[in-house]
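First comes the structure, then the notes that go with it.
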Amino acid sequence: MKIVILGDTHIPKRAKHLPKRLLAELKTADAIIHTGDFQTIDVYNDLRVFAPVHGVIGNVDSEELQQVLPTSLLLPFDGVTIGVVHGHGKGKTTEKRALITFEHQQVDAVIFGHSHIPVHKQIGDITLFNPGSATDKRREKQFSFGVLYIQKNTLRFEHIFYDSKD
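For the sequence shown, position 115 (counting from the first letter as 1) is numbered 880 according to my numbering, and the numbering increases by one without interruption.
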């Protein structure tokens with residue numbers, strides 16, 4: 766199973782459309798995870814053309830999105846469980862807020878956004894993953910998103926980095 770992971774797209778404020786590099790991966794995705802800050806429901810609907818979208822709301826998402834999407838998700842895929850949250854809030858770091866969201870659940874991975882900073886690390890038995898941003902790299906050198914391959918209860922996360930958001 767191939768899952769494309771993205772977040773913090775901020776369309777139309779930070780970009781007019783999804784970048785070509787991302788679109789190429791979406792064409793072969795079995796599912797899509799979006800960590801929030803779509804900005805408008807149009808992005809959510811555009812993604813649904815490619816594969817089922819599992820998304821959460823972020824701190825800049827429209828009221829329309831807030832009515833459609835939850836603040837966090839627990840996703841069972843092929844024998845693994847993934848927690849998804851945007852990660853915004855007060856106190857602690859974004860990573861810690863994301864982990865705390867699922868501290869009472871059994872998860873194999875926590876996927877989060879908000880910081881626009883790509884993260885891929887292991888904390889105990891949990892993989893912590895932030896795809897970065899495909900459209901708003903802020904201080905990062907490159908734009909990024911993630912791909913997750915799940916096979917036989919095994920997770921393999923990858924970041925895809927590129928230079929142009931076109």
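We put the beta carbon where it would ideally sit given N, CA and C, even for glycine.
By the three-class DSSP mapping on this structure, what secondary structure does residue i have?
i: Ile865; result: helix
i: Thr712; result: With the chain covering 766 to 931 only, the question about residue 712 has no answer from this structure.
i: Arg903; result: coil
i: Gln887; result: strand
i: Val818; result: strand
i: Ile882; result: coil
i: Val872; result: coil
i: Arg779; result: coil
My assumption, with CB atoms under 8 angstroms, is that residue i sits in contact with residue j. Please give the rounded CB distance.
i: Val821; j: Thr800; result: 6 angstroms
i: Phe803; j: Leu783; result: With 8 angstroms as the limit, Phe803 and Leu783 do not qualify as a contact, their Cβ atoms being about 11 angstroms apart.
i: Ala816; j: Asp795; result: 6 angstroms
i: Phe910; j: Ile770; result: 6 angstroms
i: Leu787; j: His819; result: That belief does not hold up - the Cβ atoms of Leu787 and His819 are roughly 16 angstroms apart, past 8 angstroms.
i: Arg779; j: Thr900; result: 5 angstroms
i: His924; j: Gly897; result: 7 angstroms
Got a sec, what are the start and stop residues for the alpha helix (DSSP H) residue i sits in?
i: Val810; result: The amino acid at residue 810 is misidentified as Val; the sequence shows Asn. Its alpha helix (DSSP H) spans residues 806 to 813.
i: Gly791; result: It should be pointed out that residue 791 corresponds to Leu in this sequence rather than to Gly. Its alpha helix (DSSP H) spans residues 785 to 791.
i: Gln831; result: 828 to 833
Do you know how far the Cα of residue j is from the Cα of residue i?
i: Lys855; j: His885; result: 23 angstroms
i: Arg904; j: Tyr927; result: 14 angstroms
i: Thr866; j: Lys857; result: 12 angstroms
i: Pro835; j: Ile891; result: 22 angstroms
i: His881; j: Lys917; result: 30 angstroms
i: Asp773; j: Asp811; result: 15 angstroms
i: Tyr914; j: Phe894; result: 13 angstroms
i: Glu828; j: Thr805; result: 9 angstroms
i: Val872; j: Met766; result: 18 angstroms
i: Glu868; j: Gly889; result: 12 angstroms
Just curious, the beta strand (DSSP E) that residue i is in, first and last residue?
i: Asn895; result: 891 to 895
i: Thr846; result: 845 to 850
i: Ile798; result: 796 to 799
i: Thr919; result: 919 to 927
i: Phe803; result: First-last for Phe803: undefined, no H or E at that position.
i: Val912; result: 908 to 916
i: Lys767; result: 767 to 771
i: Ser837; result: 837 to 842
Using a 10 Å radius around the Cβ and a threshold of 16 neighbouring Cβ atoms, would you call residue i buried or exposed?
i: Thr793; result: exposed
i: Asp826; result: buried
i: Ser929; result: exposed
i: Thr919; result: exposed
i: Gly823; result: buried
i: Lys781; result: exposed
Is there a C-beta anywhere in chain C that falls below 9 angstroms from the one on residue i?
i: Thr900; result: Going by chain labels, chain C is absent from the structure shown, which holds only one protein chain.
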